[in-house]
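The next block holds one structure in the form of structure tokens; read it before the comments.
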């Protein structure tokens with residue numbers, strides 16, 4: 220949300236779900252704003268072209284109309300808006316691991332994230 224009051228209210232809701240052994244939270248602000256104290260933070264990225272292609276395939280598989288150039292343009296505009304917003308701009312935090320999924324399959328991306336988690340978390344948590 221672009222409005223500070225809305226962002227503050229929405230930030231508290233997922234925090235209520237923090238319980239041992241923890242949770243996996245996915246979203247553009249999860250590691251930087253909602254859970255800044257998280258022991259594992261992963262900043263997933265991919266080229267705009269790869270993300271547009273993935274979205275295009277998702278829409279086509281669902282039988283929905285899709286236009287690759289429109290999807291690419293929309294993603295690039297959203298990225299620019301998110302990076303430049305005054306409240307919680309999208310950026311990789313220093314303590315987050317960067318994972319570029321441009322050339323990774325879903326399985327490879329998941330394996331990479333699990334490897335990161337296993338290195339940072341106690342063994343009893345990440346089996």
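Residue numbers (our numbering): 220 to 346. We treat Cβ as the ideally placed atom computed from N, Cα and C, and that holds for glycine. Predicted model only: the values in this text are computed from it and were never measured.
### Task
Assign residue 333 to one of two classes, buried (16 or more other C-beta atoms within 10 Å of its C-beta) or exposed (fewer than that).
Numbered from its first residue, the chain shown carries residue 333 at position 114. With fewer than 16 other beta carbons inside 10 angstroms of its own, residue 333 counts as exposed.
### Nearest neighbour of residue 338, chosen from 298, 327 and 261 [CA to CA]
Looking up residue 338 in the chain shown gives position 119. Among 298, 327 and 261, the Cα nearest to that of residue 338 is on 261.
#### Entry: Cβ neighbour criterion (16 or more within 10 Å) applied to residue 296
In the chain shown, the residue the question calls residue 296 occupies position 77. The residue in question, residue 296, is exposed, as its Cβ has fewer than 16 Cβ neighbours within 10 Å.
### Message
Distance check for residue 243 and residue 229, CA to CA, integer angstroms please.
### Response
Stepping through the chain shown from its first residue, residue 229 is reached at position 10. Stepping through the chain shown from its first residue, residue 243 is reached at position 24. Taking the straight line from one Cα to the other gives about 17 Å.
### Query
Can you tell me where the beta strand (DSSP E) with residue 263 in it begins and where it stops?
For this step, residue 263 is matched to residue 44 along the chain shown. Element bounds for residue 263: 261 to 264.
### Task
Please state whether DSSP places residue 306 in a helix, a strand or coil.
Within the chain shown, residue 306 is the residue found at index 87, counting from 1. Coil.
#### Entry: Coil, strand or helix - residue 317 by DSSP
Here residue 317 corresponds to residue number 98 of the chain shown, with the count starting at 1. In the structure shown, residue 317 sits in a strand (DSSP, three-state: E or B).
### Message
Helix, strand or coil, according to DSSP, for residue 326 in the structure here?
### Response
Translated into the one-based positions of the chain shown, residue 326 becomes position 107. Secondary structure of residue 326 (DSSP, three-state): helix.
### Message
Is the separation between the beta-carbon of residue 320 and that of residue 328 shorter than 8 Å?
### Response
Indexing the chain shown from 1 puts residue 320 at position 101. Indexing the chain shown from 1 puts residue 328 at position 109. In this structure, residue 328 lies closer than 8 Å to residue 320 by Cβ.
### Task
Check whether the Cβ atoms of residue 315 and residue 250 sit closer than 8 Å, and answer yes or no.
Indexing the chain shown from 1 puts residue 315 at position 96. Indexing the chain shown from 1 puts residue 250 at position 31. Result yes, Cβ atoms of residue 315 and residue 250 sit closer than 8 Å.
### Message
Tell me the rounded alpha-carbon separation between residue 265 and residue 288.
### Response
Along the chain shown, read from residue 1 onward, the residue named residue 265 stands at position 46. Along the chain shown, read from residue 1 onward, the residue named residue 288 stands at position 69. The alpha-carbon atoms of residue 265 and residue 288 are separated by roughly 17 Å.
### Query
How many Å lie between residue 223 and residue 286 at the Cα?
Reading the chain shown from its first residue, position 4 is the one you call residue 223. Reading the chain shown from its first residue, position 67 is the one you call residue 286. So the alpha carbons of these two residues sit roughly 33 Å apart.
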